[in-house]
Amino acid sequence: PRLLVVACCRNEEAGNSAFLAAMESLRQPFADAGGWIDLQLDALTDEESRSLVEELLRAECVSRGECADRREFDFGSLTAQAIASESGGLPFFIQEMVEQHRALPFVSRDVAGEATAGRLDDAIWRRVCQLPEEPQRLLHVLALAGRPLPHSIAYQAAGLTIDDPAAAMLQAKRLAESRTVLLQDRLQPYHDRIRETVVRRLSDAQRRDYHQRVAAVLVAARDSQPEALMSHYEDAGELKHAAECAVLAAE
């Protein structure tokens, strides 16, 4: 029987995924038979982004019973354009900002309108703040780490036991992802914009504390290069340790 397989990946995963490497070995036989097609999916154009925004907002209006059908919904051109522009053409972020817009009371949307629609950082941070404490701590650690962390390292730095479902919750909500690096599963924020938003929203004291935690766990596990430790110590305010790491890195 015939079998259709549809697989997708992000560009940065192509070089370090064992699964993709195994699939690549099958490319030529299938390609020769005309059974292998590669599709490059670029970001949506501005027009495509706006069209998706309008469709999502109309669907929500109908589902809430706020308009009889999609033709009656006046979404507001500025609101739709603001969301489309801020998203950078990424459907994931369009969905996030539409969710943010939906969270507004219906009577206030025309007043808030475009002023709230374009705040992607607000949409991301709202979702982060809705998490239980444990997944929040784990995401804070991942955002400040600056590189993918092994599960055990991330969990220790976040003060979690290894059986805590925090990582699974973050992945289910598309706030973090697990990647295989050098045959080891590591955790990182789902997108750099999520990392940047979390780092900006944490207080100086929180950032110092998390950097100190990550550095301590990396040292104990002997799982870091001096350059990485230097950065964490410097951001934690431990300049003596940072200087020692700088000397080691230069040797």
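Using the working numbering, the first residue of the sequence shown is number 1, and each one after it goes up by one. C-beta: ideal position from N, C-alpha, C; glycine also. Just so it is clear, the structure is predicted and the values come from calculations on it, not from any experiment.
(message) Using a Cβ-Cβ cutoff of less than 6 angstroms, which residues in the same chain neighbour Glu252 once the five nearest sequence positions on both sides are dropped?
(response) Here the chain covers residues 1 to 251 and nothing more, so residue 252 does not appear.
(message) In this structure, how does DSSP classify Leu239 when only helix, strand and coil are distinguished?
(response) The residue labelled residue 239 in the question sits at position 239 within the sequence shown. The answer is helix: DSSP assigns Leu239 an H, G or I state.
(request) Mind checking which residues open and close the alpha helix (DSSP H) that includes Arg186? (result) Taking the sequence shown and counting its residues from 1, the one referred to as residue 186 is at position 186. Arg186 -> not in any alpha helix (DSSP H); beta strand (DSSP E) instead, spanning Gln184 to Pro189.
(message) With H, G and I counted as helix, E and B as strand and the rest as coil, what does DSSP make of Ser51?
(response) Your numbering for residue 51 matches position 51 in the sequence shown. In the three-state DSSP reduction, Ser51 falls in the helix class (H, G or I).
(request) Check Thr180 in the structure and name its three-state DSSP category. (result) The residue labelled residue 180 in the question sits at position 180 within the sequence shown. Strand.
(request) Determine the closest residue to Cys8 out of Pro150, Gln40 and Arg179, with distance taken between C-alpha atoms. (result) In the sequence shown, the residue the question calls residue 8 occupies position 8. That would be Gln40, whose Cα lies nearest to the Cα of Cys8.
(request) State buried or exposed for Thr161, treating a residue as buried only when at least 16 other CB atoms are found within 10 Å of its CB. (result) Taking the first residue of the sequence shown as position 1, residue 161 is located at position 161. That one is exposed.
(message) Could you check whether Ser49 and Gly89 sit closer than 8 angstroms to each other, using their CB atoms as the reference points?
(response) Within the sequence shown, the letter at position 89 stands for residue 89. Within the sequence shown, the letter at position 49 stands for residue 49. A contact, by the Cβ cut-off of 8 angstroms.
(message) To test your reading of the DSSP string, which unbroken alpha helix (DSSP H) runs of 4 or more residues are found completely within the region 131-160?
(response) 133-145 and 151-157
(message) As a quick exercise: from Gln28, Ala31, Ser25 and Trp36, pick the residue whose alpha carbon is nearest that of Val6.
(response) Start at 1 with the first residue of the sequence shown, and residue 6 comes out as number 6. The candidate whose alpha carbon is nearest that of Val6 is Trp36.
(request) May I ask you to report which of helix, strand or coil DSSP gives Leu20? (result) Looking up residue 20 in the sequence shown gives position 20. DSSP places Leu20 in helix when its eight states are reduced to three.
(request) Compute the Euclidean distance between the alpha carbons of Pro189 and Arg137, then round it to the nearest angstrom. (result) As a working note, residue 189 is residue 189 in the sequence shown. As a working note, residue 137 is residue 137 in the sequence shown. The straight-line gap from Cα to Cα measures roughly 12 angstroms.
(message) Just to confirm my understanding: we take Pro226, look at its own chain, exclude 5 residues before and 5 after, and list those with CB closer than 7 angstroms. What are they?
(response) On the sequence shown, position 226 is the one that residue 226 refers to. The beta carbon of Pro226 sits closer than 7 angstroms to the beta carbons of Cys245, Leu248 and Ala249 from its chain, once the five residues preceding and following it are set aside; these are given in chain order.
(request) Go through its chain and collect everything with a Cβ distance to Phe30's Cβ below 7 angstroms, but skip five positions before and after it. (result) Taking the sequence shown and counting its residues from 1, the one referred to as residue 30 is at position 30. Excluding positions up to five away in sequence, the list reads Trp36.
(request) Indicate whether Pro148 and Arg186 have their beta-carbon atoms separated by less than 8 angstroms. (result) For this step, residue 148 is matched to residue 148 along the sequence shown. For this step, residue 186 is matched to residue 186 along the sequence shown. In contact: Pro148 and Arg186 (Cβ atoms closer than 8 angstroms).
(message) Applying the 10 Å Cβ sphere with the 16-neighbour rule, what's the burial state of Ser231?
(response) For the purposes of this step, residue 231 is identified with residue 231 of the sequence shown, where counting begins at 1. Buried, since its Cβ has 16 or more Cβ neighbours within 10 Å.
(message) Which same chain residues end up closer than 7 angstroms to Ala123 when comparing Cβ atoms and leaving out the 5 residues on each side of it in sequence?
(response) Your numbering for residue 123 matches position 123 in the sequence shown. Closer than 7 angstroms at the Cβ level, and outside the excluded window around Ala123, lie Glu96, Met97, Glu99 and Gln100.
(message) What would DSSP say about Leu218, mapped onto helix, strand or coil?
(response) Looking up residue 218 in the sequence shown gives position 218. If DSSP states are grouped into helix, strand and coil, Leu218 belongs with the helices.
(request) Take Leu56 as the anchor and find which of Ala154, Ser25 and Phe93 has the nearest alpha-carbon. (result) Position 56 of the sequence shown holds residue 56. Answer by Cα proximity: Phe93.
(message) Under 8 angstroms, with one C-beta from each stretch per pair, do the region 141-159 and the region 210-221 reach the 3-pair mark?
(response) The region 141-159 vs the region 210-221: in contact.
(request) Please state if the CB of Glu177 and the CB of Gln184 are separated by a distance shorter than 8 angstroms. (result) One-based indexing of the sequence shown puts residue 184 at position 184. One-based indexing of the sequence shown puts residue 177 at position 177. Going by C-beta atoms, Gln184 is not nearer than 8 angstroms to Glu177.
(request) Go to Cys129, then tell me how far its alpha helix (DSSP H) extends in each direction, as first and last residue. (result) By 1-based counting over the sequence shown, the position of residue 129 is 129. From DSSP, the alpha helix (DSSP H) with Cys129 extends over Leu120 to Cys129.
(message) Taking 8 angstroms as the threshold (beta carbon to beta carbon), is His241 in contact with chain B?
(response) Checking the listed chains, one finds no chain B in this structure; it contains a single protein chain.
(request) Determine the burial state of Gln130: buried for a count of at least 16 other Cβ atoms within 10 Å of its Cβ, exposed for fewer. (result) Your numbering for residue 130 matches position 130 in the sequence shown. Exposed is the call here.
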